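*Asks:* Please find one structure pasted underneath; my questions will follow.
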Amino acid sequence: MTAALLGAAGVAFLAINTMPGCKPNTTKTMVTGDAASKVYVKPGTHDEFYNFVSGGFSGQLAVYGLPSGRLFREIPVFSVDPESGYGYSEETKGMLMTSYGFIPWDDSHHPELSQSNGVPDGKWCFINGNNTPRIALVDLGTFRTKSIIEIPNSAGNHSSPFTTGNSEYVVAGTRFSVPMGDDASRDVSIKTYKENFKGNVSFIHPDPESGRMSIAFQIATPGVNFDLSHAGKGPSEGWFFFSCYNTEQAYSLLEVNASQRDKDFIMAVNWKLAEQLAKDGKGKRVPGKHYSNWWNEETHSAETTVYEDVLQLDPKDHPGLLYFMPCPKSPHGCDVDPTGKYIVGSGKLAALIPVFSFEKIQQAIAANDVEGDFGGIPVLKYESVLHGEVKKPGLGPLHTEFDANGNAYTSFFVSSEIVKWNVEKLEVVDRVPTYYSIGHLCVPGGDSKQPWGKYVIAYNKITKDRYLPTGPELTQSAQLYSIEGDKMELLLDFPTTGEPHYAQAIPAELVKPREVKFFKIEENKHPFVAKGEKETRVERRGKEVHVWMTTIRSHFAPDNIEGVKLGDEVYFHVTNLEQDWDVPHGFAIKGAANAELLIMPGETQTLKWIPTRVGVWPMYCTDFCSALHQEMQGYVRVSPANSNVPLEAYTLSVDAEL
Amino acid sequence: MKTNLIAGGLLMAVISLLSACGGGADNANAGPPGAAGSPPGAAAPGKSEAGLFTAADITLGDIDQGMVEKGRSTYDVKCQACHSTGPNRVVGPGWKGITERRQPEWIMNMILNIDAMLESDPEAQKALEECLVRMPNQGLSKEEGREVLEFMRTL
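Protein chains in written order, with the numbering used here: chain C, 10 to 667; chain D, 990 to 1144.
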């Protein structure tokens, strides 16, 4: 959500609440008596759906159950997580490396489940990093970030990471157009936007086996702001659609200056053609340094590949690659219905919803039915490609999801409601208020070929009075509605972490069978693994002291270390020897300037520790592991830099003479 | 995880009682023949209540040195952190003389089927009361379990 929108919304919101005639229904009139039973999940039983919800400015991905709204996990993705050691352990630091160095935070907006045959398959969940443009792939076997790729020649990766029907590609687009190329080309006055600023859209290929990502190609575009996107499906398979605003090419006070034109664009990309052109060597390598990071589950460590350039396709050389379709008033959402026949644009300042017909788009292209060009890209005639408009649906349409019965559900930020309408007939059939000011919404499978339906979830931008107050900063919130009947029915409010933007939901049965319960110690190939206490030891390598350490309920081996000196860097390589589900051990040492480690069964992780004072330092297990958890501790003796204390590590044997 | 381990133990006990009351196949009161009430040192025949293995499943011949070495390797990675080869307890009991104190099928069941044993075998439950740490399932194969048993016989 842009600052501009929030500002406008605040005003609109107040206006709605002070105008008696427009005031939304109260909760009392909204919630029916049996709502509780519809969201009640008995203790010890499981929810029907997983709900993957973006963390927004937390940079993470949150996992909830539906219909209960219970939070299960906050998966660390783009931001460091001291709780698990993500971004702090030596092995995980590489996941957050970019061409700008180590970046400990991002703004994550859009979770997108991987698909097979146009339907979410429960294998991966992608999510975009907005600020330092990146895409992450989360493995739904481990619920961990498996790979992160940096997007070069991009600024603000918002229209991302939407997928093609078999996850051949996920996409990225520049929210901010910027000058690109070498240093001299990039060092230009902001006032030269029209001449020098360019956009582009990227197609990223995840390897189907490893999940390692690489950029297949980028397509250069005129300078605009790309906002959201979705792949075609069925008849429109092979095409991708991106909404864009700021076709005014403003570079200051966009709130006003990017809202001048009556229509901006939805850009249609023939990605099958682009793929063929790339294959045929029609692109050229252009500067674009970027990192691709990948988590190796055998070494329990990040691996990084650095690329210096990227393959670029210039649409001027390849007619038929890109087309613009006029779309009213700064379109935001760009959503394709389950049949793949219709593309819904949501002009966030418009009082109507335009629906484009893929068939008509193809006819217009064939007949060269254009009204001109924009930056050399043909602009198709609005009337020629339009299926029709939903008239006066509400104020501020943002996003649309679908059910399997031909209905669309569109969120309206300004009028704070969800509007259900029939896609073929373009008629509003129901509307329901949200509390307050909905942004994204989600129907399980709602952007795929086969929506599971059942619920629509509203992810709201404003919380106000819905929960116990917690000072100036309030919880973020979501609301669950049933869409099983003719009328949408509010069932539940639930608080969320970060700011929820987009979310996706999938039947739990498609994910649960993939679960990894622990890592097999036999398969651990970490260079510092200790497979059993026999392999534990300590070794000095100059100023580095390496400790091969193990954990099991409830002790460390070794638990006594002497001979560390001031000026040393100590690396604790901790292997959790447990081979059972749900038995992590934690590792913390006094004065550690980074975080703890939380080590899963069979895994090895490393904490770097630089002692700052002479003395004996305690270390302990942080995750309550057994009745003797409080006994799971040890000591490290640190001596002056010039001391002669020999380096040794020991655990006394129970059978030794004490 | 966290404090749930202890709660888990309690829950487990409740479940056992309930299934007994509900007329389930397991009858907690009856106990396995020769197990409940028999002193640990007694050469009790028969099998564990929850056992995958009965006495008939395991044949002990002359010590097989090849199996002993394999068992020792598995021990080093997956057992040694908690079990000494001497007489004293680290987390679980020391293994010196263990095969004289326990039936081979009981040992195999403890290695390979710990959750069911802790649920219904009185001797396993007694051991938990003493050690206070639920023995983890370390994911051994049947073959590896048998090799560890062979290694124990040399201690």
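For every residue, glycine included, the Cβ atom is placed at its ideal position computed from N, Cα and C.
Fair warning: this is a prediction, and the values are worked out from it, not measured in the lab.
1) Mapping the DSSP letters down to three states, classify C:D502 as helix, strand or coil.
2) Mind listing the chain C neighbours of D:Q1127? Cutoff is C-beta to C-beta under 9 angstroms, in chain order.
3) Looking only at its own chain, which residues have a Cβ that is under 7 angstroms from the Cβ of D:P1029, when we skip the five neighbours before and after it?
4) Quick check on C:S198: buried or exposed, where buried means 16 or more other Cβ atoms within 10 Å of its Cβ?
5) Would you identify the three-state DSSP class for C:S261, choosing helix, strand or coil?
6) Using beta carbons (cut-off 9 angstroms, strictly below), is C:S662 in contact with chain D?
7) Given a limit of 7 angstroms on CB to CB distance, which residues of the stretch 1056-1073 of chain D reach chain C?
8) Which whole-angstrom value describes the C-beta separation of C:I427 and C:T443, a residue pair presumed to lie in contact below a C-beta threshold of 8 angstroms?
9) Residues of chain C with CB closer than 8 angstroms to the CB of D:L1121, please, in chain order.
10) Per DSSP, C:I228 is paired with what?
11) Quick one: what does DSSP say D:E1133 is sitting in, helix, strand or coil?
12) Count the other CB atoms, across all protein chains shown, that sit within 10 Å of the CB of C:D289; report buried if there are 16 or more and exposed otherwise.
13) Quick check: is the beta carbon of C:F171 nearer than 9 angstroms to any beta carbon in chain D?
14) Taking the straight line between their C-alpha atoms, what separation do you get for D:P1034 and C:A145?
15) The beta strand (DSSP E) that contains C:W430, what's its start and end?
16) Would C:A517 pass as a contact of C:P460 if the rule is Cβ separation under 9 angstroms?
17) Chain C partners of D:P981, CB-CB under 8 angstroms?
18) Kindly list, in the order they appear in chain C, the residues whose Cβ is closer than 9 angstroms to that of D:G1086.
19) Buried or exposed: C:E218, going by 16 or more other Cβ atoms within 10 Å of its Cβ?
20) Using the Cα positions of D:Q1114 and D:V1080, report the straight-line distance between them to the nearest angstrom.
21) Taking D:G1083 as the query, report the chain C residues whose CB atoms sit under 9 angstroms from its CB, ordered along the chain.
22) Check each residue of the stretch 540-573 of chain C: if its Cβ is closer than 7 angstroms to any Cβ of chain D, include it; give the result in chain order.
23) Any Cβ of chain C within less than 9 angstroms of the Cβ of D:V1137?
24) Give the residues from the stretch 205-221 of chain C that approach chain D closer than 9 angstroms (Cβ to any Cβ), ordered along the chain.
25) Looking at the unbroken beta strand (DSSP E) that takes in C:Q642, where does it start and where does it end?
26) State the start and end residues of the unbroken beta strand (DSSP E) segment that holds C:K400.
27) At a Cβ threshold of 9 angstroms, is C:V592 touching chain D?
28) Could you tell me if D:A1070 is buried or exposed, where buried requires 16 or more neighbouring beta carbons within 10 angstroms of its beta carbon?
29) In whole angstroms, what separates the C-alpha of C:Y316 from that of C:R221?
30) Assuming C:H239 contacts C:F250 under a Cβ cut-off of 8 angstroms, what Cβ separation, rounded to an integer in Å, is found between them?
31) Using 8 angstroms as the Cβ pair cut-off and three pairs as the minimum, do the stretch 109-127 of chain C and the stretch 60-69 of chain C touch?
32) Closer than 6 angstroms by C-beta to C:P406: which residues in its own chain qualify, once you throw out the five before and the five after it? Chain order, please.
33) So, at 6 angstroms on beta carbons, what are the nonlocal neighbours of D:R1061 in its own chain, with the 5 sequence-adjacent residues on each side left out?
34) Counting Cβ pairs, one atom from each stretch, are 3 or more of them under 8 angstroms apart for the stretch 73-86 of chain C and the stretch 491-511 of chain C?
35) Could you check whether C:V645 and C:V625 sit closer than 9 angstroms to each other, using their CB atoms as the reference points?
*Replies:* Let me spell this out:
1) Locating residue 502 of chain C in the first sequence gives position 493, where the first residue counts as 1. DSSP places C:D502 in strand when its eight states are reduced to three.
2) Start at 1 with the first residue of the second sequence, and residue 1127 of chain D comes out as number 138. Simply I530, L586, E587, Q588 and D589.
3) In the second sequence, counting from the first residue as 1, residue 1029 of chain D sits at position 40. In this prediction, D:P1029 has a pLDDT of 41, which is less than 50 and means its spatial position is unreliable; what the coordinates show is noted afterwards. If we look at D:P1029 and ignore the five residues flanking it on each side, its Cβ neighbours are R1090 and E1112.
4) Looking up residue 198 of chain C in the first sequence gives position 189. Classification for C:S198: exposed.
5) Residue numbering aside, residue 261 of chain C sits at position 252 when the first sequence is read from its first letter. DSSP places C:S261 in coil when its eight states are reduced to three.
6) Translated into the one-based positions of the first sequence, residue 662 of chain C becomes position 653. It does; some Cβ of chain D falls within 9 angstroms.
7) Taking 7 angstroms as the Cβ-Cβ cut-off against chain C, the residues of the stretch 1056-1073 of chain D that qualify are D1065, V1066, K1067, Q1069, A1070, C1071 and S1073.
8) Locating residue 427 of chain C in the first sequence gives position 418, counting from the first residue. Locating residue 443 of chain C in the first sequence gives position 434, counting from the first residue. That pair is a contact at about 6 angstroms.
9) Here residue 1121 of chain D is taken as the residue at index 132 of the second sequence, counted from 1. Here the neighbours are S635, A636 and L637.
10) Counting from one through the first sequence, the residue named residue 228 of chain C turns up at place 219. Paired residues: C:V210 and C:L322.
11) Residue numbering aside, residue 1133 of chain D sits at position 144 when the second sequence is read from its first letter. Residue state, collapsed to three classes: helix.
12) As a working mapping, residue 289 of chain C is identified with position 280 in the first sequence. C:D289 should be labelled exposed.
13) Here residue 171 of chain C corresponds to residue number 162 of the first sequence, with the count starting at 1. Under the Cβ criterion of 9 angstroms, C:F171 is not counted among the residues facing chain D.
14) For this step, residue 1034 of chain D is matched to residue 45 along the second sequence. For this step, residue 145 of chain C is matched to residue 136 along the first sequence. With a pLDDT of 38 at D:P1034, under the threshold of 50, the modelled position of this residue cannot be trusted, and the question is left open.
15) What you label residue 430 of chain C is simply residue 421 of the first sequence in a count that begins at 1. Going by DSSP, C:W430 is part of the beta strand (DSSP E) stretching over E426 to N431.
16) Mapped onto the first sequence, residue 517 of chain C falls at position 508. Mapped onto the first sequence, residue 460 of chain C falls at position 451. A distance of 9 angstroms or more separates the beta carbons of C:A517 and C:P460.
17) No answer is possible for residue 981 of chain D: it lies beyond the span of chain D, which begins at 990 and ends at 1144.
18) Here residue 1086 of chain D refers to the residue found at position 97 when the second sequence is read from its first residue. Within 9 angstroms Cβ-Cβ: nothing; D:G1086 doesn't reach chain C, min ~13 angstroms.
19) As a first step, residue 218 of chain C is located in the first sequence; it is residue number 209 there, counting from the start. When all chains shown are included, C:E218 counts as exposed.
20) Locating residue 1114 of chain D in the second sequence gives position 125, where the first residue counts as 1. Locating residue 1080 of chain D in the second sequence gives position 91, where the first residue counts as 1. Taking the Cα positions, D:Q1114 is about 15 angstroms away from D:V1080.
21) Locating residue 1083 of chain D in the second sequence gives position 94, counting from the first residue. Under the 9 angstroms cutoff, chain C gives V663 and D664.
22) Legend: CB atoms of the stretch 540-573 of chain C lying less than 7 angstroms from CB atoms of chain D belong to residues K540, G541, E542, K543, T559, I561, R562, S563 and A566.
23) Counting from 1 along the second sequence, the entry for residue 1137 of chain D is found at position 148. Taking 9 angstroms as the threshold, the shortest C-beta distance from D:V1137 to chain C does not fall below it.
24) For the stretch 205-221 of chain C, which is checked against every Cβ of chain D, not one residue is closer than 9 angstroms.
25) On the first sequence, residue 642 of chain C is found 633 positions in, with the first residue counted as 1. Q642 to S648 is the extent of the beta strand (DSSP E) around C:Q642.
26) Your numbering for residue 400 of chain C matches position 391 in the first sequence. Element bounds for C:K400: L395 to K400.
27) The residue you call residue 592 of chain C lines up with position 583 of the first sequence. Among the CB atoms of chain D, one or more fall inside 9 angstroms of the CB of C:V592.
28) The residue labelled residue 1070 of chain D in the question sits at position 81 within the second sequence. Looking at its Cβ environment, which holds 16 or more other Cβ atoms inside 10 Å, D:A1070 is buried.
29) The count along the first sequence starts at 1 and reaches residue 316 of chain C at position 307. The count along the first sequence starts at 1 and reaches residue 221 of chain C at position 212. For the pair C:Y316 and C:R221, the Cα-to-Cα distance works out to about 14 angstroms.
30) Residue 239 of chain C sits at position 230 when you count from the first residue of the first sequence. Residue 250 of chain C sits at position 241 when you count from the first residue of the first sequence. Correct: roughly 6 angstroms between the Cβ atoms.
31) Judged by Cβ distances under 8 angstroms, the stretch 109-127 of chain C makes contact with the stretch 60-69 of chain C, as three or more pairs qualify.
32) Here residue 406 of chain C corresponds to residue number 397 of the first sequence, with the count starting at 1. Within its own chain, the residues whose Cβ lies closer than 6 angstroms to the Cβ of C:P406, once the five positions on either side in sequence are excluded, are S355, I362, T419 and F421, listed in chain order.
33) By 1-based counting over the second sequence, the position of residue 1061 of chain D is 72. The beta carbon of D:R1061 sits closer than 6 angstroms to the beta carbons of F1140 from its chain, once the five residues preceding and following it are set aside; these are given in chain order.
34) By the Cβ rule, the stretch 73-86 of chain C counts as touching the stretch 491-511 of chain C, because three or more pairs are nearer than 8 angstroms.
35) For the purposes of this step, residue 625 of chain C is taken as the residue at position 616 of the first sequence. For the purposes of this step, residue 645 of chain C is taken as the residue at position 636 of the first sequence. It is a contact, given that the beta carbons lie within the stated cut-off.
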